[in-house]
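*Asks:*
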Amino acid sequence: MKKNLFSLLLILAMTIVTKAQPQDTKVIITGYVTNPAGADANREYVQLMATEDINFAETPYSVITCYTSYSGTWETFAPVRGWVTGKIDSKKANDPTSQTTKFNLTKGKVKAGEFFYAGGAGKKINGAASTDISEKAPVAANQAKWIRTLTYGAKTWSGDDGIGGGIFGALFGNSEAPQGIVVFNTTNVTEATIPVDVVFFGTFPLNKVNQKKLYERIGGKELGYRICNTDRYSVSKAGFFAKGNNTYLFPPASSSNAAAQGNFYKLGGVYDIKSKRWTDPRNGAVIVAMTNDTQLAEIEKGKGTTEIRGLGK
Numbered sequence: 034m035k036k037n038l039f040s041l042l043l044i045l046a047m048t049i050v051t052k053a054q055p056q057d058t059k060v061i062i063t064g065y066v067t068n069p070a071g072a073d074a075n076r077e078y079v080q081l082m083a084t085e086d087i088n089f090a091e092t093p094y095s096v097i098t099c100y101t102s103y104s105g106t107w108e109t110f111a112p113v114r115g116w117v118t119g120k121i122d123s124k125k126a127n128d129p130t131s132q133t134t135k136f137n138l139t140k141g142k143v144k145a146g147e148f149f150y151a152g153g154a155g156k157k158i159n160g161a162a163s164t165d166i167s168e169k170a171p172v173a174a175n176q177a178k179w180i181r182t183l184t185y186g187a188k189t190w191s192g193d194d195g196i197g198g199g200i201f202g203a204l205f206g207n208s209e210a211p212q213g214i215v216v217f218n219t220t221n222v223t224e225a226t227i228p229v230d231v232v233f234f235g236t237f238p239l240n241k242v243n244q245k246k247l248y249e250r251i252g253g254k255e256l257g258y259r260i261c262n263t264d265r266y267s268v269s270k271a272g273f274f275a276k277g278n279n280t281y282l283f284p285p286a287s288s289s290n291a292a293a294q295g296n297f298y299k300l301g302g303v304y305d306i307k308s309k310r311w312t313d314p315r316n317g318a319v320i321v322a323m324t325n326d327t328q329l330a331e332i333e334k335g336k337g338t339t340e341i342r343g344l345g346k
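Residue numbers (the working numbering): 34 to 346.
#1: When you compare only the Cα positions, how much space is there between Gln132 and Arg114?
#2: State yes or no: is the C-beta of Gly343 within less than 8 Å of the C-beta of Ile320?
#3: Sort Asp86, Leu247, Ala322 by Cα distance to Glu209 and report the nearest one.
#4: Going straight from the alpha carbon of Asn88 to that of Ala293, what length do you get?
#5: Considering only the alpha carbon of each residue, which of Ser289, Asn296, Ala90, Asn316 lies closest to Glu77?
#6: Mapping DSSP to helix, strand and coil, what is Asn221?
#7: Quick one: give me the first and last residue of the beta strand (DSSP E) that Ile341 is part of.
#8: Rank Ser95, Pro171, Thr84, Ser102 by C-alpha distance to the C-alpha of Thr139 and give the top, closest one.
#9: In the DSSP output, which residue or residues are listed as bridge partners for Tyr65?
#10: Could you tell me if Glu333 is buried or exposed, where buried requires 16 or more neighbouring beta carbons within 10 angstroms of its beta carbon?
#11: Below 6 Å CB to CB, which residues in the same chain sit around Gly141 once its five sequence neighbours on both sides are set aside?
#12: Measuring CB atoms only, is the region 161-172 touching the region 109-127, in the sense that at least three cross pairs come out at less than 8 Å?
#13: Going by alpha carbons, who is nearest to Tyr258 out of Leu81, Trp116, Ala72?
#14: Excluding the 5 residues preceding and the 5 following Glu147 in the sequence, name in chain order all residues of the same chain whose CB lies nearer than 8 Å to its CB.
#15: Give me, in chain order, the residues of the same chain whose beta-carbon lies closer than 8 Å to that of Thr339; leave out the 5 immediate sequence neighbours on both sides.
#16: Give the DSSP-derived three-state secondary structure of Asp313 in the structure shown.
#17: What three-state label does DSSP hand Lys157 in the structure shown?
#18: How far does the alpha helix (DSSP H) with Ile306 in it reach, from first residue to last?
#19: Are the Cβ atoms of Thr220 and Pro93 separated by less than 8 Å?
#20: What are the start and end residues of the alpha helix (DSSP H) that includes Ser289?
#21: Please return the same chain residues whose Cβ sits closer than 7 Å to the Cβ of Ala318, not counting the five positions on each side in sequence.
#22: Quick check on Lys156: buried or exposed, where buried means 16 or more other Cβ atoms within 10 Å of its Cβ?
#23: Can you tell me which residues form a DSSP beta bridge with Leu256?
#24: Just curious, the alpha helix (DSSP H) that Asn137 is in, first and last residue?
#25: Can you say whether Gly252 is buried or exposed, counting buried as having 16 or more other CB atoms within 10 angstroms of its CB?
#26: Relative to the C-alpha of Thr184, which residue among Phe217, Phe136, Asn175, Pro55 is closest?
#27: Where does Gly197 land, buried or exposed, given buried means 16+ other C-beta within 10 angstroms?
#28: Would you identify the three-state DSSP class for Trp116, choosing helix, strand or coil?
#29: Does the distance from the C-beta atom of Ile200 to that of Val231 stay below 8 Å?
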């Protein structure tokens, strides 16, 4: 009975919509591909949007991804340095796990309401054999704006500022374990830096052993991923994911869903640039099942696309 009650309370906590609160950021997270067709290396990516015109050469930002695995060769633990943990030892000699991987956004311009991308250097919409969405794609309508990419996997590589790397070939795990994406309004990130946007996806673990692989307090030190006030998280009582009520997770939720290749997860929501609040929270309700022929418009337009309210006013 107690176990069932705990599970019910946990589910309720995960479905809570945080009351609209200010979130002042020029960059928001709007979607992602965690498991493209074929190999993941160089093919995963994050879709973002500018809430106002931004020149990254003048106003640098950074994006960091986090990889989580409860067991196996690439098992991870509560991050000892938060989002800047980077490489950790794996169970395979000379092949560390890239628990967090950093992308510095320091070049390029984006207009308010415009989508842009950070991720693998492949720049294909759904794996190696799919539609070219690079800046020089042969079809103009498929020319996406890429601000930062990394070549990762097979050969030794490094995330920006040495955060992440090795020969590890993934930004995210393909299981129900929570994976994350965070945005900072600086490239000078430490474990104490507060982000400006953050999302996690997966299913929150019910057992305490796995919960402690996301957040753990050891002595007087908290090991975990810092959050900020968003449409889904609040720092009022806890400043870390997996602490307090900060357990909300976007899809994919189950291991079977996470293992399904070719899905683009639209986060949706409406962000008001005047109040700097989410008037409609993101929910990830729309999933685009991509093929090799999927076009860029299918992930940037239509149902479930994140919207900016107040442009041009």
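Where is the CB? At the ideal position from N, CA and C, for every residue including glycine.
*Replies:* Reading it off the structure:
#1: Cα-Cα distance, rounded: 11 Å.
#2: At least 8 Å separates the beta-carbon of Gly343 from that of Ile320.
#3: When each option's Cα is compared against that of Glu209, the closest is Leu247.
#4: A straight-line Cα-Cα distance of about 36 Å links Asn88 and Ala293.
#5: A check of alpha carbon separations from Glu77 across Ser289, Asn296, Ala90, Asn316 identifies Asn296 as the nearest.
#6: Three-state result, Asn221: coil.
#7: Taken as a continuous stretch (DSSP letters only), the beta strand (DSSP E) holding Ile341 covers 340-342.
#8: Residue Ser95 is the option with its Cα nearest to Thr139.
#9: Val79, Tyr298, per the DSSP bridge assignment.
#10: With 16 or more Cβ atoms within 10 Å of its Cβ, Glu333 is classed as buried.
#11: A distance below 6 Å between beta-carbons, with the five flanking residues on each side excluded, links Gly141 to the following residues of its chain, in chain order: Phe89, Ile180.
#12: Judged by Cβ distances under 8 Å, the region 161-172 makes no contact with the region 109-127, as fewer than three pairs qualify.
#13: Of the candidates Leu81, Trp116, Ala72, the one whose C-alpha sits nearest the C-alpha of Tyr258 is Trp116.
#14: Within its own chain, the residues whose Cβ lies closer than 8 Å to the Cβ of Glu147, once the five positions on either side in sequence are excluded, are Met82, Ala83, Lys178, listed in chain order.
#15: Cβ within range, chain order: Ile61, Thr63, Gly64, Met82, Lys299, Leu300, Gly301, Gly302, Val303, Tyr304, Arg315.
#16: Under the three-state reduction of DSSP, Asp313 is assigned to strand.
#17: In this structure, DSSP gives Lys157 an extended state, which the three-state scheme calls strand.
#18: Where Ile306 is concerned, there is no enclosing alpha helix (DSSP H), given that its DSSP letter is neither H nor E.
#19: Yes; because the gap between Cβ atoms is below 8 Å, this pair is in contact.
#20: According to the DSSP assignment, Ser289 belongs to the alpha helix (DSSP H) that extends over 288-292.
#21: Once the five neighbours on either side are set aside, the close Cβ partners of Ala318 are Gly301, Gly337.
#22: Counting the other Cβ atoms within 10 Å of the Cβ of Lys156 gives 16 or more, which makes it buried.
#23: Leu256 is bridged to Glu249.
#24: Per DSSP, Asn137 belongs to no alpha helix (DSSP H); it is in the beta strand (DSSP E), 133-138.
#25: Taking all protein chains in view, the Cβ of Gly252 is surrounded by fewer than 16 other Cβ atoms within 10 Å, so the residue is classified as exposed.
#26: Of the residues Phe217, Phe136, Asn175, Pro55, the one whose Cα lies closest to the Cα of Thr184 is Phe136.
#27: Buried, since its Cβ has 16 or more Cβ neighbours within 10 Å.
#28: In the structure shown, Trp116 sits in a helix (DSSP, three-state: H, G or I).
#29: Result no, Cβ atoms of Ile200 and Val231 do not sit closer than 8 Å.
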